[in-house]
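Residue numbers (the numbering used here), protein chains in the order written: chain A, 4 to 495; chain B, 4 to 495.
Number of protein chains: 2
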Amino acid sequence: MAKEVTSRADNYSQWYNDLVVKADLAEQSAVRGCMVIKPYGYAIWEKMQGILDGMFKRTGVQNAYFPLFIPKSFFSREAEHVAGFAKECAVVTHHRLMNDPDGNGVVVDPDAKLEEELVVRPTSETIIWSVYKNWVTSWRDLPILCNQWCNVVRWEMRTRPFLRTAEFLWQEGHTAHATAEEAQAKAVEMVHVYADFARNVMALPVIIGHKSPNERFAGALDTLTIEAMMQDGKALQAGTSHFLGQNFAKSFDVQYTDKEGQQQYVWATSWGVSTRLMGALIMAHGDDNGLVLPPALAPIQVVMVPIYRAEEERSAVIAKFEAVKAALEAKGVSVKIDDRDTLRPGFKFAEWELKGVPVRLAMGARDLAAGTVEVARRDDLSKETMPLEGIEEHIPALLDSIQKGIYDKAAAFRDSRVEKCDSWEEFKEKIQQGRFLLCHWDGTAETEQKIKDETKATIRCIPVDSYVCEEEGVDIYSGKPSKGRVVFAISY
Amino acid sequence: MAKEVTSRADNYSQWYNDLVVKADLAEQSAVRGCMVIKPYGYAIWEKMQGILDGMFKRTGVQNAYFPLFIPKSFFSREAEHVAGFAKECAVVTHHRLMNDPDGNGVVVDPDAKLEEELVVRPTSETIIWSVYKNWVTSWRDLPILCNQWCNVVRWEMRTRPFLRTAEFLWQEGHTAHATAEEAQAKAVEMVHVYADFARNVMALPVIIGHKSPNERFAGALDTLTIEAMMQDGKALQAGTSHFLGQNFAKSFDVQYTDKEGQQQYVWATSWGVSTRLMGALIMAHGDDNGLVLPPALAPIQVVMVPIYRAEEERSAVIAKFEAVKAALEAKGVSVKIDDRDTLRPGFKFAEWELKGVPVRLAMGARDLAAGTVEVARRDDLSKETMPLEGIEEHIPALLDSIQKGIYDKAAAFRDSRVEKCDSWEEFKEKIQQGRFLLCHWDGTAETEQKIKDETKATIRCIPVDSYVCEEEGVDIYSGKPSKGRVVFAISY
Chain A
4 MAKEVTSRAD NYSQWYNDLV VKADLAEQSA VRGCMVIKPY GYAIWEKMQG
54 ILDGMFKRTG VQNAYFPLFI PKSFFSREAE HVAGFAKECA VVTHHRLMND
104 PDGNGVVVDP DAKLEEELVV RPTSETIIWS VYKNWVTSWR DLPILCNQWC
154 NVVRWEMRTR PFLRTAEFLW QEGHTAHATA EEAQAKAVEM VHVYADFARN
204 VMALPVIIGH KSPNERFAGA LDTLTIEAMM QDGKALQAGT SHFLGQNFAK
254 SFDVQYTDKE GQQQYVWATS WGVSTRLMGA LIMAHGDDNG LVLPPALAPI
304 QVVMVPIYRA EEERSAVIAK FEAVKAALEA KGVSVKIDDR DTLRPGFKFA
354 EWELKGVPVR LAMGARDLAA GTVEVARRDD LSKETMPLEG IEEHIPALLD
404 SIQKGIYDKA AAFRDSRVEK CDSWEEFKEK IQQGRFLLCH WDGTAETEQK
454 IKDETKATIR CIPVDSYVCE EEGVDIYSGK PSKGRVVFAI SY
Chain B
4 MAKEVTSRAD NYSQWYNDLV VKADLAEQSA VRGCMVIKPY GYAIWEKMQG
54 ILDGMFKRTG VQNAYFPLFI PKSFFSREAE HVAGFAKECA VVTHHRLMND
104 PDGNGVVVDP DAKLEEELVV RPTSETIIWS VYKNWVTSWR DLPILCNQWC
154 NVVRWEMRTR PFLRTAEFLW QEGHTAHATA EEAQAKAVEM VHVYADFARN
204 VMALPVIIGH KSPNERFAGA LDTLTIEAMM QDGKALQAGT SHFLGQNFAK
254 SFDVQYTDKE GQQQYVWATS WGVSTRLMGA LIMAHGDDNG LVLPPALAPI
304 QVVMVPIYRA EEERSAVIAK FEAVKAALEA KGVSVKIDDR DTLRPGFKFA
354 EWELKGVPVR LAMGARDLAA GTVEVARRDD LSKETMPLEG IEEHIPALLD
404 SIQKGIYDKA AAFRDSRVEK CDSWEEFKEK IQQGRFLLCH WDGTAETEQK
454 IKDETKATIR CIPVDSYVCE EEGVDIYSGK PSKGRVVFAI SY
């Protein structure tokens with residue numbers, strides 16, 4: 004195999020980095036912390052975008068576009084928000100370059116200093132609420148349900164491709180409502196959209212829950228999250244949905260006249276997922292041979308590799324593949340015939356395994372004579388020789404079965420590593436082994452912080468739809484009373 | 004009518020601005036020169052994107068994503084390129100804000116100065132060619148056919164919504180080839196994709212041609228353009244495709260080993276269209292009642308307005324509309340029933356006219372009894388009462404006819420204002436009246452500049468597929484020999 008991948012057992016972190024680069028998903032650029040998303044990686048992201056966008060629109064959300072730049076003064080209107088983002092933002096201070104008078108190439112023109120610096124958006128609540136102020140007068144103008152697909156910048160010190168990059172792509176939904184109840188319901192609705200997408204499209208079993216106050220988005224009254232387990236047992240926050248109360252409406256003075264003629268501040272939500280989902284996809288399903296893509300997100304669902312010696316064998320096999328390809332495409336399956344003439348079949352097999360293509364068909368002269376084809380599944384690496392007849396019915400069913408198989412495998416893995424824990428000694432040991440531990444918590448930020456300081460573990464969420472455990476108990480660390488268990492884990 | 008629009012005759016420029024705002028397409032933001040694209044405007048842009056993206060992919064192009072930021076030093080590697088963009092770019096110099104020690108809110112942290120300033124991309128040739136260097140070793144790695152949909156920033160001093168904004172959305176294709184011929188052919192292919200899109204989707208008759216050297220993209224050996232005429236007779240450059248020679252390959256040392264084992268520099272193209280197309284769409288087709296959208300780009304193709312007095316009339320009409328809507332949607336037509344109860348039909352009519360919806364259906368109790376419906380066309384404002392039966396066949400055909408009608412009208416208008424001109428006195432007069440003048444040109448930048456200085460007119464293109472006029476003559480200004488006519492106009 005041309006592009007060898009570090010095994011997960013040897014070095015999980017290096018395995019991840021290898022997959023990103025060797026499966027042609029992304030690479031580092033010359034700009035610190037900014038990545039290039041390569042065509043194969045971007046094709047997966049485009050599929051994610053397309054499916055999510057349709058899901059959003061079916062809930063009544065519309066897309067719009069708001070400016071990249073945020074005036075510095077906006078940034079500081081919401082106190083918690085600025086505290087959360089000010090330390091890691093790209094600041095535009097000038098609008099012109101010039102030739103260095105001393106001949107040292109191009110320099111920033113000191114005469115082109117901006118009156119007010121502009122921050123490259125790390126998230127858009129402030130600029131969007133400054134706009135919503137113009138859009139809202141009466142209760143008839145509500146709700147506003149907008150989303151934007153865009154790039155954002157957070158000047159992270161330690162970056163990893165997809166998981167944490169200085170610039171990343173995402174969507175951010177921002178809604179405005181007349182009542183707190185309606186806004187809260189929207190935040191809940193959207194986290195369920197994310198969970199539905201994660202489970203049914205990404206084949207990612209996720210736990211939905213509330214963040215503890217410590218882990219909330221800067222400026223939110225409540226943050227809902229979906230948390231996924233990676234193969235090292237660490238947690239990855241895959242999407243969040245925030246109930247923002249009236250914080251931004253008050254900061255930007257967004258009020259409406261209600262049906263009784265009274266002025267009221269508007270209620271807000273925001274919610275987002277990013278190219279981080281690509282990291283989750285890779286880490287949740289990949290194996291030591293490379294990516295394992297759920298069929299719903301695979302840019303190529305079926306790859307066909309001809310096996311031949313002579314040219315006439317080649318053309319006969321490819322002609323047969325062309326016919327199968329047309330039949331499969333008519334059923335909505337995306338197919339590629341790998342007819343490259345300079346590479347051996349074994350090399351091609353390894354390359355498509357590395358790229359996670361769900362199904363591989365191989366056919367040679369003997370198959371052609373016998374009317375058979377070799378069908379290989381990427382997820383369990385099984386192979387089967389079967390009749391070519393009826394293959395166009397078999398493949399779509401096989402893809403469904405692979406989609407389900409990948410989910411079931413991830414769910415079984417997770418379930419085997421989620422456990423209740425009531426002993427602090429046990430906690431310290433197990434959390435390092437990669438477990439989601441369901442523990443009693445006394446509800447204080449202080450205890451949460453102490454546990455984090457000692458073990459790096461954080462409260463991933465207070466679960467609401469799976470692993471819910473509302474029972475009396477005592478905090479695993481402080482021994483104080485608790486009303487239910489929360490999910491602790493070490494996270495990405 | 005609630006939202007009155009300035010007439011074109013009174014003030015064409017104000018008419019345009021009115022349409023942008025009052026049809027809910029876009030608005031100014033708090034950031035100088037940056038606009039907010041509102042949901043209705045963005046829905047049109049999304050349709051443009053979707054159709055263009057499909058056209059690109061059918062030519063073998065793949066999408067990817069490259070960083071927003073470009074190191075300042077990259078920017079200066081290609082001499083002409085830096086000259087073209089350095090004067091109008093946003094420069095990131097710091098990566099952190101802090102609380103002002105003097106208590107004046109938030110300030111830039113002087114300790115967080117970047118070692119090397121970053122330029123917010125005005126276009127991505129430099130960063131992309133720094134990446135292509137890693138992708139290219141041998142002739143087998145070529146061609147590279149990448150496109151990205153993204154935002155770019157050019158610090159324009161005078162901005163107008165969609166036409167010229169500091170930040171705008173666009174796509175930029177960047178291809179790398181083994182030979183000059185192949186790159187040139189790609190540049191030609193892509194300008195024809197743009198022309199096809201402009202003509203058949205935007206209903207915009209465009210002239211394809213080469214730019215004169217003066218008007219070329221900074222760093223290009225040849226720039227192909229599509230030029231459209233607006234209703235004031237001015238030209239709008241709607242898309243460009245550049246043959247970049249080996250300039251960027253040499254600046255970033257991108258070489259490949261050819262089949263003979265020799266090292267060769269790679270040949271490049273780039274090509275782009277932007278949200279400027281929105282401006283072209285508005286200005287080419289709109290009238291004094293508002294937008295006129297070609298059906299191929301209308302987010303809503305058919306709007307249905309019920310006419311009623313009593314509630315039972317309302318529900319009966321809406322029930323009938325629902326049935327028609329379902330039948331039309333099954334044929335791929337996008338339909339909205341305007342069932343708002345607080346607005347009069349006349350108000351709704353005006354609003355949907357303003358928003359350019361191609362077809363309006365109105366139905367009242369009398370229509371219901373008679374089995375008829377009133378069908379109004381947006382393009383020519385004609386109305387017709389016709390049988391409801393068979394309406395689901397009639398509407399798709401009507402939409403096709405409107406699409407063609409809008410194109411034909413724009414083409415007839417343009418043809419009436421394109422003329423040959425051989426007299427300098429006549430040129431000066433007619434160019435101010437809004438004409439495309441086909442004139443002889445001696446081929447020198449000097450003459451071109453003098454004509455521009457005296458009249459503001461520029462060479463829009465040396466046409467290649469329509470209005471081609473290769474005949475001997477004398478330059479309209481200098482009197483020197485010329486080998487053919489070029490298109491002069493005043494442009495946006």
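Heads up, the beta-carbon is just placed ideally off N, CA and C, and yes, glycines get one too.
Start and end residues, alpha helix (DSSP H) containing residue i
i        : result
A/Ala179 : Premise fails: A/Ala179 lies in the beta strand (DSSP E), Glu170 to His180, not in any alpha helix (DSSP H).
B/Arg438 : Unbroken run through B/Arg438: none, as it is neither H nor E.
B/Asn250 : Asn250 to Ser254
B/Ser76  : Lys75 to Phe78
B/Phe324 : Glu314 to Ala333
B/Asp199 : Ala183 to Asn203
B/Gly408 : Ile394 to Asp418
B/Thr9   : Segment: none, B/Thr9 is in no alpha helix (DSSP H) and carries neither H nor E.
A/Met286 : Arg279 to His288
Residue i to residue j span [Cα, whole Å]
i        : j        : result
B/Gly36  : A/Val139 : 23 Å
B/Lys453 : B/Tyr268 : 37 Å
A/Val370 : A/Val467 : Note that residue 370 of chain A is Asp in the sequence shown here, rather than Val. Between A/Asp370 and A/Val467, the C-alpha separation is close to 53 Å.
A/Arg317 : B/Thr272 : 35 Å
A/Ile409 : A/Leu207 : 8 Å
B/Ala5   : B/Phe350 : Annotation note: pLDDT 49 at B/Ala5 (below 50); position unreliable, coordinate value reported separately. Taking the straight line from one Cα to the other gives about 7 Å.
B/Asp342 : B/Pro309 : 7 Å
A/Glu83  : A/Ser481 : 28 Å
A/Trp368 : A/Ile321 : Per the sequence shown, residue 368 of chain A should be read as Ala rather than Trp. C-alpha separation (whole angstroms): 11 Å.
B/Ile394 : A/Asp261 : 42 Å
A/Lys90  : A/Val156 : 12 Å
A/Arg143 : A/Leu166 : 41 Å
B/Val226 : A/Phe200 : Per the sequence shown, the amino acid found at residue 226 of chain B is Thr instead of Val. Cα to Cα, the separation comes out at about 44 Å.
B/Arg420 : B/Glu449 : 27 Å
B/Cys464 : B/Ala252 : 27 Å
A/Leu300 : A/Ile40  : 16 Å
Proximity of residue i and residue j at Cβ, strictly below 8 Å
i        : j        : result
B/Ala198 : B/Val191 : no
A/Val336 : A/Val305 : yes
A/Pro361 : A/Pro298 : yes
A/Met286 : A/Phe439 : no
B/Asn177 : B/Cys153 : According to the sequence shown, residue 177 of chain B is His rather than Asn. No; because the gap between Cβ atoms is not below 8 Å, this pair is not in contact.
B/Ser79  : A/Val109 : yes
A/Leu28  : A/Tyr43  : yes
B/Gln187 : B/Leu55  : no
A/Ala283 : A/Ala238 : no
B/Val376 : B/Leu364 : yes
B/Glu118 : B/Thr96  : no
A/Trp444 : A/Ser485 : yes
B/Ile434 : B/Met281 : no
Endpoints, beta strand (DSSP E) assigned at residue i
i        : result
B/Glu119 : Lys116 to Val123
B/Pro146 : Counting along the chain, B/Pro146 falls outside any beta strand (DSSP E), and DSSP gives it neither H nor E.
Requested in this report: Mind checking the stretch 60-73 of chain A against chain B and listing, in chain order, the residues whose C-beta falls within less than 8 Å of any C-beta there?
Outcome: So the close ones are Gln65, Asn66, Ala67, Tyr68, Phe69, Pro70, Leu71, Phe72 and Ile73.
Query raised in the report: Touch check for the stretch 98-111 of chain B and the stretch 122-142 of chain B: three-plus C-beta pairs under 8 Å?
Result: No contact exists between the stretch 98-111 of chain B and the stretch 122-142 of chain B.
Report task. Anything in the stretch 93-104 of chain B with a Cβ closer than 9 Å to a Cβ of chain A? List those residues in chain order, please. Result -> Of all residues in the stretch 93-104 of chain B, Ala93, Val94, Val95, Thr96, His97, His98, Arg99, Leu100, Met101 and Asn102 have a Cβ within less than 9 Å of some Cβ in chain A.
Query raised in the report: In chain order, what residues of the stretch 441-452 of chain A put their CB closer than 7 Å to some CB of chain B?
Result: Cβ contacts with chain B: none found.
Report task. Report the residues of the stretch 18-41 of chain A with a CB closer than 8 Å to any CB of chain B, ordered along the chain. Result -> Within the stretch 18-41 of chain A, the residues whose Cβ lies closer than 8 Å to some Cβ of chain B are Glu30, Ser32, Ala33, Val34, Cys37, Met38, Val39, Ile40 and Lys41, listed in chain order.
Query - chain B contacts from the stretch 204-219 of chain A (Cβ-Cβ distance under 9 Å) - result: For chain B, none of the residues of the stretch 204-219 of chain A brings a beta carbon within less than 9 Å of one of its beta carbons.
Report task. Scan the stretch 144-167 of chain B for residues whose Cβ lies nearer than 8 Å to a Cβ of chain A and list them as they occur along the chain. Result -> Within the stretch 144-167 of chain B, the residues whose Cβ lies closer than 8 Å to some Cβ of chain A are Cys149, Cys153, Asn154, Val156 and Trp158, listed in chain order.
Query raised in the report: Closer than 7 Å, Cβ to any Cβ of chain B: which residues of the stretch 105-120 of chain A, in chain order?
Result: Interface annotation for the stretch 105-120 of chain A against chain B: Gly108, Val109, Val111 and Glu120, criterion Cβ-Cβ distance under 7 Å.
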